[in-house]
Structure formats: C-alpha cells, structure tokens
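The next block holds one structure in the form of structure tokens; read it before the comments.
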Amino acid sequence: MKRAWIFLLLSVLLVCLLGGCAKEPAATPENGEAGGEAAEEEVFELTFHYFGPEMIPPGHWSNEAAKRIEEETGGRVKINTYFSESLLKYDDTITGTASGVADISFIDSGQFAGQFDLNMVFGRFLPQTPPQTVTTQVFREMIDTIPELNAELEAKGLRWLSAFAVAGEHLHTNGRQVRVPDDVKGMKIAVVGEPARWFESLGAAPVGVAAGDFYMSLERGLVEGQWSHWPAVDAFKLTEVTNCHTLFGENGANLAFTGYIINLKTWESLPPDIQKIMVEAYHWAGDEILKANQAEAESAIASAREKGSTFIELSAEELRLWEETMKSINEEWIASVGAKGLPAEKVFTELFALLDKYGK
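So this is what it looks like as structure tokens:
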C-alpha cells in the first residue's frame, strides 16, 4: 500500500511539471509584454574634422549637418565636431581620416593634389567656369556614375560623402592691370597648387602664401597679385590692398572642388538608411555653403566698386588667348595620369560633356 501511495505522488508531480504547473513562457515582442522589448538600436558616435574655424560657412554648415544627421537618424548617429586643426593638422587630413583619427573630414582640392590623381579631374583648367551650382551637379553625377573615382579613394581607406564646386578664380592686383597672358610675365603672384604651375609657364613668379598672410603680402608688396575667388577676397578683406581686378567671365576661371570624405571602414559599418541620410545631409551642407559663397562674392565686389577699383572684363578674344595657355596643362595631366593606367581621358571627356550639357 505504501508503495502505491508513493507511485501516485510521483505521478501527480510529473503531471504538474509537464502541464498546468509549468512556468508560462517569457513575454515576447509579439505579445507586447515589457520583458520582450527588442534590444536598443546601436548608436554610432563619429568624429568630424575641419581645419578651418567654426564660424565661417564651411564650419557653420558642417555643424548644422551633424545636427541634422542626429535628428534624422533619431539619435542613432552622434557626430563630435572639431575645428581649427584641433583634431588634425591641414596636411594630415587625408592620412588622419584614413587611419580613423577622424571619421569624416572636410577637404579641399589642395589636399587631394599628389594623393588622388584621377580625382584631380575636378581641378581642370578653363577660362570661364559655369555657375557653382552647375559644376557641383556635374561633380556629384561623375562620382555617382564613374566608379573609378571612388575606387581611387577606397584604395587608401576613404570614400566620398559629397563634393561641390569652389567659385572660379580671378586675378586681383595692386597697381598693375592684366589683360593678356604676356602681362603677367615677371609678376610675383600669390598662388598655389596646379595654378602655380600654370602661372610659372606664363613667365610669372608664383609665391606660396599662407591664407593668414594674404593681406600682409599684398600690403607690403611681397606679391603684386593674388589669384583667388571672390569669397576669399571678401573673407580676408583683400579689396583694401588691391585696386585692379581682372575678371575671367562672370564666374571665374579654373575648376576647383571641396567636399566631405569618410573613413571607408566607418562607412561600411553604417546601415544603408544611415548612409543615405548622411550623403543627403552633406549635400545639403555643401549647397548652403554655395549660397554663402555667392553672398560673400557680392559683398567683395560691392566693396571693390565702392573703393573705386578698376574692373577689367576680358573680351572673347582675350579669353581665347588665356584658354590656349591652359590646353597644355590639361594635356599634360591627361598624359601623366593615363600613364599610370587610370582612365584620365575618359573622365576628362565626361567632365566637359556634362559641363556643356548642364551649363546651357
């Protein structure tokens, strides 16, 4: 009898364990119970570097882009911004971004020279550029449709986020009028990068001047002219130390670019929806910088006119003479970059085809 009771008790315990006495399953997201809430989404904390100050247009709108990205991602991306070389020096921007010191950086064409040969197609020479908005449209379309451009950056651990055009340049002098290429022979001109090679080929003496010394070098006669766009003339108050302005059409000569790059590993770690938001935000920031450039150009021109400076508007024939001097520089670029196995002629041809298409 005792054995029968023990057997009965064990049977009841077994039924409880397998049936109604068992624990209910933990709540799941499907049944809406708090215990089944999905894990929080990953937050990406990134660093942004700009070599210039925060208060000028590139700094201001880069800050605004960071805020916009955080808002549109619902806080999934937070960007810590660093300005005035507080994170990286100007010359270390490319290597510092590739190594991950910065995740995102604002760059200019001077930092690409000698680093990315094919992408220097965005710095080709022509005597009259289209409006910045047109050139920006061309640059972005080329990056989207010509994979070799981003591939060149990816080989060094980087990628384009956005690119946009810099205003075309004019020649601003102090006491010397320039109309044709022969007029610059023997002149000391503040100019850097590939334009310096061009001026040297014309018989001028290019002088590398740091941005902070633009004003002083003209004021003291260390240089006789400055090759620059109107926004820089406005920013550095160069209308106070120049009195002649040779205008290469309404929008200036020579293409130049700036924009935003991102560390390739950082880019690949981001979900596609965040990638899209970031590209759109930095396109937006670039477009706002273009608007600010236009306002700066108008301010500088108004200041020069108020001062009574001379404006030299080149005729079609005079512009043709300048164009002839630019052809050899462009041809040399195609030959040297093509010799490295890169499609220089292809991208050069596409550049001018798109400029013609959208510039009409």
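The numbers in the working numbering rise by one with no breaks, and the one at position 3 of the sequence shown is 873. Every residue, glycine too, gets a C-beta built ideally from N, C-alpha and C.
- Each of N1044, F1127, K1161 and E1193 was checked against the Cα of D978, and the nearest Cα belongs to F1127.
- In this structure, the beta-carbon distance from A1060 to V1079 falls below 7 Å.
- Linking K1210 to L996 through their CA atoms gives a straight-line distance of about 24 Å.
- L1031 places its beta carbon 7 Å or farther from that of V1217.
- Cα atoms of T1180 and P927: separation of roughly 28 Å, rounded to the nearest angstrom.
- Within the same chain, Cβ atoms closer than 7 Å to the Cβ of L1191 are found at V1050 and P1051, the five residues on either side in sequence being excluded.
- In the three-state reduction of the DSSP assignment, F1084 falls in the helix class.
- For the options G1229, F1222, Y1228 and K1230, the alpha carbon positioned closest to that of V991 is the one of F1222.
- Boundaries of the alpha helix (DSSP H) harbouring T1015: Q1002 to T1015, taken from the DSSP string.
- Sixteen is the threshold: since fewer than 16 other Cβ atoms of the shown chains lie within 10 Å of the Cβ of L1092, the residue is exposed.
- Going by C-alpha positions, P1076 is about 36 Å away from T917.
- Per DSSP, the continuous alpha helix (DSSP H) segment holding A1167 begins and ends at P1142 to K1177.
- In the three-state scheme derived from DSSP, where H, G and I count as helix and E and B as strand, V1036 is classed as coil.
- When DSSP reads this structure, F918 sits in a beta bridge with T951 and I974.
- Counting C-beta pairs closer than 8 Å gives fewer than three between the stretch 1001-1017 and the stretch 943-962, which falls short of the contact rule.
- Contact check for D1104 against A1170 passes: the beta carbons are separated by less than 7 Å.
- In the displayed model, P1076 falls within a strand according to three-state DSSP.
- Beta-bridge pairing by DSSP links K1058 to A1075.
- In this structure the stretch 1107-1123 does not touch the stretch 1135-1142; the number of beta carbon pairs closer than 8 Å is below three.
- DSSP, read as helix, strand or coil, puts L1041 in strand.
- Annotated as distal: H930 and Y952, with beta-carbon spacing of 7 Å or more.
- Boundaries of the alpha helix (DSSP H) harbouring Y1228: A1214 to G1229, taken from the DSSP string.
- Classified as exposed, E910 has fewer than 16 neighbouring CB atoms from the shown chains inside 10 Å of its CB.
- Annotation: the continuous beta strand (DSSP E) that includes I1132 extends over F1127 to N1133.
- In the DSSP assignment, H1099 falls outside any alpha helix (DSSP H) and carries neither an H nor an E.
- The three-state reading of DSSP puts I1182 in strand, counting E and B together.
- In the DSSP assignment, T1116 falls within the beta strand (DSSP E) that extends over C1114 to L1117.
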